[in-house]
Amino acid sequence: MQGSLHKPLIDQATQTFVNRCAELVLAVWSYDGRSLLLQETDDTQTREHLAPHADQLAQAIRIKIDELVKAGRPIELAPGQPAAWVADEQGPTLGFIMTPVPNERGAPQTAEQLAPVIKALAWNLNDLRKSDNSLFAVEDLAEQLGKSYENITLLYSIGRSMRSIAEPVRLAQDICEQIRLTQGFGWSAVRFIANDMDASGLSDTCVTSGEMPCDDVLFNKATHQLITEQHDKHWRKLLQVGQDELADLMRCEVIVEPILHDEHVIGAVIAGGKTGPDSEATSGDTQLLDAIAGFLGALHENAARFTEQKNMFIGSLEAVSTALDAKDRYTHGHSERVAWLGTQLAEAVGLDAEEVERIRISGLVHDVGKIGVPEAVLCKAGRLTDDEFDQIKKHPRIGYNILKGIPNIDDVLDGVLYHHERWDGRGYPTRLAGEAIPLYGRILAVADTFDAMSSTRSYRQAMPREKVLKEIANCAGSQFDPSLTDPFINLDFSAYDAMVARHQGDSEQPAKDLAA
Amino acid sequence: MDNPNPTSGADTVLIADDEPHIRHLVGTKLKMAGYTVLVASNGQDCLDLAREHHPELIVTDYQMPVLSGFEMSQALAADHDTASIPVILLTARGHKLSDDDLATTSIRMVIDKPFGPTDLINRVKGMLEQNKAA
């Protein structure tokens, strides 16, 4: 609580005291181990007396401070100079400089005579100082508590947002922003270095907040170099201007806390340019950044696991759909093509990336229910009987039943169950109509029909592109959602054609797939 | 932990804290101020280093594994070989130590965490000067 002696409350009290006792006391001095403060009386006459000696007195107190403290009684600072009295032996030293000459009011003049009076006053002042200290301590604690609360809130909100790890870069950006705002940094950054094996989606990420003192390219390069040089997991840095490249680049002290994965440094939290009265990084700053770096390490790991699991999940779905398509050489690659067409149409009608991905998955598995339809019916050349067609019509429901056990894929199931519904309500299995049919079902209906018409089936030859698109346009409002047909017809099908060519190659050499 | 052999000339300050970021922060600032720095991550290591190297000053955390900063400071005070080494104790704010407790140790000053490093360095300087003058 150093310096609290100089707080306004004490200043005011000592000033009042010095003025009231001007005939006894010239000045109050205090010494906190570093700086000496002389508080002189406002009384002109006594001021005049003190002024020529003030510096000399201050110097004498500094020299004799230990003697003063030990003596515990008045001593002479110099021959003929006023004596001083130590009022407090603990903490900052407090004393008085007394008037050396008799005044007209006949006040006591020797140090011994003054002693009891001054000692009593010193005690008062000391009490005041203590209460000032505790007042200061309370203010300080309150401020600290507020700060701790902010930090806890920050860590809590980060911890909570870790649940949604589908978009780790955006989360890193949010965290970066909050570091800067909570701790009053001029700028902050979260940097992950490039790694081809990194499945987290955070590889080679650099997000920043605040006004960066240098351009992004330089910053990316400098931080990449800094992080890749580090192999020690205990590495951390307080970079200084004049000593470290990055600090020179940023023109300020820079805190760097490493982000670890399996004990390897994979990135860092970086901040600097602290604003406000105290521009220096405190132990509170380094502690918070240390904690956040820990969170980001966990975020990275979660994101990587999430991606791996998602890939594994989609991989299994792809395997199922490939296995299904392989049952019938005419439908080889059908699911993959419908998935592709579905994503193109979804993008064309403005769905976001996440929904496009869901459409893709839905397209991959839309025919999975055909597993439950006898092969003889599926691959039959020639016209189906009503009974056979009824069996075919069960596949959306069967597919739905197969997949519904998988958590969190309701919208994917929509594409599976409703891809044979018609806009006019004459489709199957539920005969829903218009917008009552979920969007994914309506999108896949167009994609599915397009691919079926475009490929050779057991019961007919492939139709030319022009005829297929004309058929799609004709069915707007009857079979298809009329808002989807135009965007579909306008798609670029060159990637689709390449896919068809590849699938034909595959189906002519089925042994190649098995060997691979 | 890289503990160089203290070279003659510069005063040696021993830092003990189980939190690496504190060791780094204080260590960096002390080195910048021209001191030779030794570091320990618990009270026992700190005590061993103090006995071996006789640093001019110790800055220690209060709560540490194996031996707390307080227990370590008691052990320093009890050993006439190390009793003269002054200790600055870093504690969590609001953690109060009584004068009677402090009297059994070599602790000369208590500083609340979190702290600003410049303030800490100034106190280290002041204490070293005071110690030399005495």
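Those protein sequences? They're chains A and B, same order as listed. Residues 75 to 590 in the numbering used here are what the first sequence spells out, letter by letter. Residues 108 to 241 in the numbering used here are what the second sequence spells out, letter by letter. All C-beta atoms, glycine included, are put in the ideal place defined by N, C-alpha and C.
| Query | Result |
| --- | --- |
| Helix, strand or coil at A:Pro-556 according to DSSP, with G and I counted as helix | helix |
| Beta-carbon spacing of A:Ala-378, A:Ile-333 below 8 Å | no |
| As assigned by DSSP and simplified to three states, the class of A:Gly-515 | helix |
| Inter-residue Cα distance where the pair is B:Glu-236 and A:Val-102 | 25 Å |
| Short CB-CB distance (under 8 Å) between A:Glu-354 and chain B | yes |
| Top-ranked residue by Cα proximity to A:Val-574, from A:Ser-231, A:Glu-495, A:Arg-136, A:Leu-415 | A:Leu-415 |
| Proximal residues of chain B, C-beta to C-beta of A:Arg-136 below 7 Å | In chain order: nothing, as chain B lies at least about 11 Å away. |
| C-beta contact flag for A:Pro-512 and A:Val-423 at 8 Å | no |
| Cβ neighbour criterion (16 or more within 10 Å) applied to A:Ser-283 | buried |
| Residue-level contact to chain A via CB, B:Met-139, 8 Å cutoff | yes |
| Contacts that B:Gly-223 makes with chain A (C-beta to C-beta distance below 7 Å) | Asp-352, Glu-354, Thr-356 |
| For A:Glu-319 and A:Asp-352, the rounded distance between their alpha carbons | 24 Å |
| Supposed close pair B:Leu-183, B:Ile-195 - CB separation, criterion 8 Å | Actually they are not in contact, since the Cβ atoms of B:Leu-183 and B:Ile-195 sit about 12 Å apart, beyond 8 Å. |
| Separation of B:Ala-190 from A:Ala-211, as counted between CA atoms | 31 Å |
| Beta strand (DSSP E) runs contained entirely in the segment 402 to 490 of chain A, provided each spans 3 or more residues | none |
| DSSP state of A:Phe-293 mapped onto helix, strand, coil | helix |
| is_contact[B:Lys-203, chain A] using C-beta, thresh 8 Å | no |
| Separation of A:Asn-548 from A:Pro-584, as counted between CA atoms | Because the pLDDT of A:Pro-584 is 47, which lies under 50, any placement of that residue in the model is unreliable, and the number read from its coordinates should be weighed accordingly. Cα-Cα distance, rounded: 37 Å. |
| Coil, strand or helix - A:Phe-266 by DSSP | strand |
| Neighbour list for B:Leu-132 in chain A, Cβ cutoff strictly below 7 Å | Leu-312, Ser-357, Thr-360 |
| Alpha-carbon to alpha-carbon, B:Arg-230 and A:Ala-273 | 49 Å |
| Cβ contact check for the segment 395 to 403 of chain A and the segment 369 to 385 of chain A: 3 or more pairs under 8 Å | no |
| Pick from A:Gln-257, A:Glu-327, A:His-308 that is closest to A:Asp-336, judged by C-alpha positions | A:His-308 |
| Secondary structure of A:Arg-505, DSSP reduced to three states | coil |
| CB contact flag (A:Asp-555, A:Arg-516, <8 Å) | yes |
| Inter-residue spacing [alpha-carbon to alpha-carbon] between A:Leu-363 and A:Glu-429 | 35 Å |
| DSSP state of A:Val-315 mapped onto helix, strand, coil | coil |
| A:His-493, DSSP secondary structure in three states | coil |
| Candidates B:Glu-178, B:Phe-222, B:Ala-157, of which the one nearest A:Leu-215 by Cα | B:Phe-222 |
| Buried versus exposed, by CB contacts within 10 Å (16 or more), A:Gly-479 | exposed |
| 8 Å Cβ cutoff, A:Asp-66 in contact with chain B | Residue coverage of chain A in this structure runs from 75 to 590, which leaves residue 66 of chain A outside it and unanswerable. |
| Cβ shell of B:Gly-176 (< 7 Å), same chain only, five flanking positions each side left out | Ala-123, Gly-150, Thr-167, Asp-168, Tyr-169, Leu-196 |
| Length at least 4, wholly inside the segment 121 to 207 of chain B: the alpha helix (DSSP H) runs in chain order | 127 to 139, 150 to 160, 176 to 185 |
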